[in-house]
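Enquirer: Numbering (this note's numbering), first residue to last: 48 to 204.
In this text, a Cβ means the ideal position worked out from N, Cα and C, and glycines have one as well.
None of these values were measured; they are calculated from a predicted model.
#1: So the candidates are 195, 70 and 172; which of them puts its Cα closest to the Cα of residue 122?
#2: Quick check on residue 225: does DSSP put it in helix, strand or coil?
#3: Beta carbon of residue 99, beta carbon of residue 54: below 8 Å?
#4: Let me know if residue 81 comes out buried or exposed under the rule of 16 or more other beta-carbons within 10 Å of its beta-carbon.
#5: Could you pull the start and end residues of the alpha helix (DSSP H) that residue 167 belongs to?
#6: Considering only their Cβ atoms, is the gap separating residue 112 from residue 190 smaller than 8 Å?
#7: Classify residue 54 as helix, strand or coil using the three-state DSSP reduction.
#8: Just to confirm the assignment, what range does the alpha helix (DSSP H) spanning residue 80 have?
#9: For the structure I just gave you, are there three or more beta carbon pairs, one from the segment 60 to 76 and one from the segment 178 to 187, closer than 8 Å?
#10: Compare the beta carbon distance of residue 127 and residue 149 with 8 Å and say whether it is the shorter of the two.
#11: In chain order, what residues of the same chain lie with their CB nearer than 6 Å to the CB of residue 135, ignoring the 5 residues before and after it?
#12: Just tell me which of 186, 90, 201 and 175 has its CA closest to the CA of residue 119.
#13: Would a C-beta distance cut-off of 8 Å place residue 51 and residue 130 closer than the cut-off?
#14: Pick out whichever of 202, 114, 177 and 170 has its Cα sitting closest to the Cα of residue 48.
#15: Which of the three DSSP states is assigned to residue 130 in this structure?
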């Protein structure tokens, strides 16, 4: 429950990922820099991952000290999933609202109500022992690809 609350706190920071360029009308300036996909997109994503790791570090430390590697993998998957979702939805929608709505629904139905298939954080008892973290890890990789394709689309227009 504490991890779910900790990962709700920075939702407004994550929601601006992939949107700032359009919202602040700086896309022409930022996209004219060399290698905007290879440098800027990973930097934004990494900042979101670090924020997730820091805000969930108490849970991560407890799991690490307990030596439960499946639960640690589930926690790391959640820390990667959230900023990747924010980046992909931000790049494609051009607005922070879509991520805020999708994330709050996932957060409320999944971890807060211990719905196993929607527990992307791996915080519910027994989630780490299932295939759910692997599925969310695969979804994270797919969304990262979608974010890169969306950014390429933005660069061409």
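Expert: From the atom records:
#1: If you number the chain shown from 1, residue 122 lands on position 75. Of 195, 70 and 172, the residue nearest in Cα terms is 172.
#2: Past the boundaries of the shown model lies residue 225; the chain is included only from 48 to 204, so the question cannot be answered.
#3: For the purposes of this step, residue 99 is taken as residue 52 along the chain shown, with counting starting at 1. For the purposes of this step, residue 54 is taken as residue 7 along the chain shown, with counting starting at 1. Yes.
#4: Counted from its first residue, the chain shown places residue 81 at position 34. Looking at its Cβ environment, which holds fewer than 16 other Cβ atoms inside 10 Å, residue 81 is exposed.
#5: Taking the first residue of the chain shown as position 1, residue 167 is located at position 120. No alpha helix (DSSP H) contains residue 167, which DSSP labels as neither H nor E.
#6: Stepping through the chain shown from its first residue, residue 190 is reached at position 143. Stepping through the chain shown from its first residue, residue 112 is reached at position 65. No.
#7: The residue you call residue 54 lines up with position 7 of the chain shown. If DSSP states are grouped into helix, strand and coil, residue 54 belongs with coil.
#8: Within the chain shown, numbered from 1, the residue matching residue 80 stands at position 33. Segment: none, residue 80 is in no alpha helix (DSSP H) and carries neither H nor E.
#9: no
#10: Walking along the chain shown from the start, residue 127 turns up at place 80. Walking along the chain shown from the start, residue 149 turns up at place 102. Not closer than 8 Å, so no.
#11: Position 88 of the chain shown, counted from the start, is the residue given in the question as residue 135. Excluding positions up to five away in sequence, the list reads 190, 193 and 194.
#12: For the purposes of this step, residue 119 is taken as the residue at position 72 of the chain shown. Answer by Cα proximity: 175.
#13: Sequence index remark: in the chain shown, residue 51 carries index 4 (1-based). Sequence index remark: in the chain shown, residue 130 carries index 83 (1-based). Not closer than 8 Å, so no.
#14: Against the chain shown, residue 48 aligns to sequence position 1. Ranking 202, 114, 177 and 170 by Cα distance to residue 48 puts 170 first.
#15: Taking the first residue of the chain shown as position 1, residue 130 is located at position 83. Residue 130: helix per DSSP, three-state reduction.
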